[in-house]
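For the sequence shown, the tail end lands on 485 under the numbering used here, and the numbers increase by one without skipping. Yeah, the Cβ is synthetic: ideal placement off N, Cα and C, and Gly gets one too. Reviewing the structure listed below.
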Amino acid sequence: MTATGINSIEKNGDQQRLNEGSTNDNDDKLVQEFSHLLEKSKQLFNGLRDLPQYGHKQWQPHFGRTFDVYTKLWKFQQQHRVLLDKKYNLKRWQIGEIASKIGQLYYHFYIRTSETNYLNEAFSFYSAIRTRAYYSKVNREEKPDLMVKKLRYYARFIVVCLLLKKTKIMRELVGELNRQIDEYVKAYDPDDSLEWQLVLNEISTFIDIDNQLNIDQIPIALSYRLTNALIPPLPLGSEKILSNIQLYSVEEILIIGNYQDQIKFSELTIDMYRMLQAVEKQPIESTLAYDEKSTMQSPTSTNHQQRDIYNLYDGDFQNRLNPHKYLLYKPNFSQIYAFTASAFKELPNNGILFLYISADGYDTYLKSKVEQSYDFGGVKTNNRHDDKIENSNSPPTSATNTLGKNSSPSIVTTTTATSPIGPVKDVHNIFPGDLYPFLRKPLFLIIDSNNSIAFQNMPNLFGQPFISLLSP
14 MTATGINSIE
24 KNGDQQRLNE
34 GSTNDNDDKL
44 VQEFSHLLEK
54 SKQLFNGLRD
64 LPQYGHKQWQ
74 PHFGRTFDVY
84 TKLWKFQQQH
94 RVLLDKKYNL
104 KRWQIGEIAS
114 KIGQLYYHFY
124 IRTSETNYLN
134 EAFSFYSAIR
144 TRAYYSKVNR
154 EEKPDLMVKK
164 LRYYARFIVV
174 CLLLKKTKIM
184 RELVGELNRQ
194 IDEYVKAYDP
204 DDSLEWQLVL
214 NEISTFIDID
224 NQLNIDQIPI
234 ALSYRLTNAL
244 IPPLPLGSEK
254 ILSNIQLYSV
264 EEILIIGNYQ
274 DQIKFSELTI
284 DMYRMLQAVE
294 KQPIESTLAY
304 DEKSTMQSPT
314 STNHQQRDIY
324 NLYDGDFQNR
334 LNPHKYLLYK
344 PNFSQIYAFT
354 ASAFKELPNN
364 GILFLYISAD
374 GYDTYLKSKV
384 EQSYDFGGVK
394 TNNRHDDKIE
404 NSNSPPTSAT
414 NTLGKNSSPS
424 IVTTTTATSP
434 IGPVKDVHNI
444 FPGDLYPFLR
454 KPLFLIIDSN
464 NSIAFQNMPN
474 LFGQPFISLL
484 SP
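Now the structure itself:
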C-alpha cells in the first residue's frame, strides 16, 4: 500500500471519529434539553398550588406558562423517542407521568373555567394512559412512590369519569384500583394502606348511592303545576312594562358542602355532585380521538378555541357554555366570604350570583328572637385552626385537592358567651345578616339545612332580584 493510500485511510478514520463525536455531542445536548424541560415543567406544575383559587385573571399567566412548557416537553419526547430511550433510558411510566400531568392541567382548567370541553380533554389523556398501558410495568420497579403515582392516576381518572357520567368505565376503573391497592399493600405493607382503602370505600359507596338517587327515568306527577288556565291575566299596559325589564342570567355559582357527615369522594359530596349536574350543560363528547402524535391545545395559543378562553376573562360572557362556579368542601367562614366576594365582584350587569349552601343548622336558642339578621341562627361552617399551613390567598378547599386526603375538621358548637349588648353569636357560622352585602346584586340563594327557616325572612334591602329556596 502506498503512502498516499495510508494517508487517505487515516483521513477517513479521523473524519468518521469527528462525525461520531459531533453526533454524540448533539445527542448529549438533546438529552440535556429534555432534562431541562422536564425539571422546569415540574417546578411550574408545583407552583400551581400557590395560585389563588378564586378570581378569573390572577392565575392565568402562570397556568399558560406551565401549559406551554408541557406542550414543548410532549412534542420533544415524541420527536426524539428513540434517542431518549437509548441515551436517557426513558421508560414508559415516565411518558405516562407526563401525560397524567397534562390530564391534570386540563382538569384544573375545567375547574377554574367550568368549561366541560377541557374535562373531555382530560379524559382523553387519562384514557390513553390506560389504553397504552404506560403504568403497566411500574410494579417491576420496586419503588412504592411509583405505585402511589399509579394509584393517584386511577383516583383522578375516576373523578373525571364521575363528572362525565361514564359509569361503565368508572366501574372498571374501580375494580382495577382495587386490584392495584391489593398489590401495593402486599408488596410494601405501606403506612397509607388504610387511607387508600378509605378512598376505595368512598368511591364505591358514592357510586352505589348515586345509582339509587337516579331519577332521570322516573316520571313525577306535579298536581300543582301552573297552567295557562290557572295563571291570572296580565293587567292592561303590562306588556310595555315587561318589555323594559332587564333579562338576567346566572353567571357565578358557589356550591358549598358543609355537612359534617355525608357521603363523599375526594372533596365532592353527593349533594354538591347533584347540584353540579343540575347547573352544567351536558358535556359534548370530543370527536377527536387521542393520538400519541397529537398536539395539546394550550390556553395561550392563538387558535379560535383558545381565543374563546381569553374572551371569558375579558368580559365576553356571551360565549360561555356554563356559568363560572366554585366547589367548596367544608370551608370555614373566611373562605366562604372570600370566594363569595370574588364571585360578586366578577358579576356582569345582568349577572346573577347563585349560592348553594348545604350545612348543618345552627340555632342560637335565644328566648327572645328579635333581630332577624342574627338571632334566629344560621348554618355551621368549619372552625379550622390549621390555616397557617395553607396559602392564605389560595385555600385548598375545592374539588381539585389531592385525592385520598382524609380530613375531618371539627364542626363548631353553640356558644353561650354573652356581651354587654346580649348573647354573643358564634363567629364561625353563616347568618342571614352575613349575606346582606351580596343583596346589592341579583342573588339566587338555596339553603339545604335543618335550620333553613332562619333565612326565610331575608329583606330585599337594595331592590335587586332575589330568590331563595329553602329545604323543609
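Excluding sequence positions up to five before and after residue 391, its CB lies within less than 6 angstroms of the CB of 375, 442, 443, 444 and 467, all in the same chain and listed in chain order. In this structure, DSSP gives residue 263 an extended state, which the three-state scheme calls strand. Take the alpha-carbon of residue 148 and the one of residue 67: they are about 34 angstroms apart. The Cβ-Cβ distance between residue 263 and residue 365 falls below 7 angstroms. Cβ-Cβ separation between residue 458 and residue 484: approximately 12 angstroms, too far for a contact (criterion under 8 angstroms). Under the three-state reduction of DSSP output, residue 243 falls in the coil class, being neither helix nor strand. Classified as buried, residue 112 has 16 or more neighbouring CB atoms from the shown chains inside 10 Å of its CB. The Cβ-Cβ distance between residue 362 and residue 261 does not fall below 7 angstroms.
When secondary structure is reduced to three states using DSSP, residue 271 falls in the strand class.
The beta carbons of residue 371 and residue 272 sit closer together than 7 angstroms. CA-to-CA, the gap between residue 209 and residue 146 works out to about 22 angstroms. Note on the segment 335-395: whole beta strand (DSSP E) runs with a minimum of 3 residues are 337-342 and 364-372, in chain order. According to the DSSP assignment, residue 103 belongs to no beta strand (DSSP E), since it is labelled neither H nor E. Straight-line spacing of the CA atoms in residue 88 and residue 288 works out to 39 angstroms. Apart from sequence neighbours up to five positions away, no residue of its chain approaches residue 286 with a beta-carbon distance below 6 angstroms. In the three-state DSSP reduction, residue 171 falls in the helix class (H, G or I).
Note that the C-beta distance between residue 131 and residue 139 is not below 7 angstroms. DSSP, reduced to helix, strand and coil, places residue 278 within a strand of the structure shown. In the structure shown, residue 202 falls within a coil segment according to DSSP collapsed to helix, strand and coil.
Secondary structure at residue 475: coil, using DSSP grouped into helix, strand and coil.
Minimum Cα-Cα distance from residue 129 among the listed residues 150, 158, 174 and 105 corresponds to 174. Non-local beta-carbon contacts of residue 86 in its own chain, meaning distances under 7 angstroms to residues more than five positions away in sequence, involve 50, 51, 54 and 111 in chain order.
The beta carbons of residue 454 and residue 360 sit closer together than 7 angstroms.
In summary, residue 133 is buried, with 16 or more beta-carbon neighbours lying within 10 Å of its beta-carbon over all protein chains present.
By the criterion of a C-beta distance shorter than 7 angstroms, residue 216 is surrounded in its chain by 171, 187 and 278, once the five residues flanking it on both sides are discounted. Listed in chain order, the alpha helix (DSSP H) runs fully inside the segment 142-198 are 157-176, counting runs of at least 4 residues. The same chain holds no residue with a CB closer than 6 angstroms to that of residue 240 once the five nearest residues on each side in sequence are set aside. DSSP, reduced to helix, strand and coil, places residue 258 outside both helices and strands of the structure shown, so it counts as coil.
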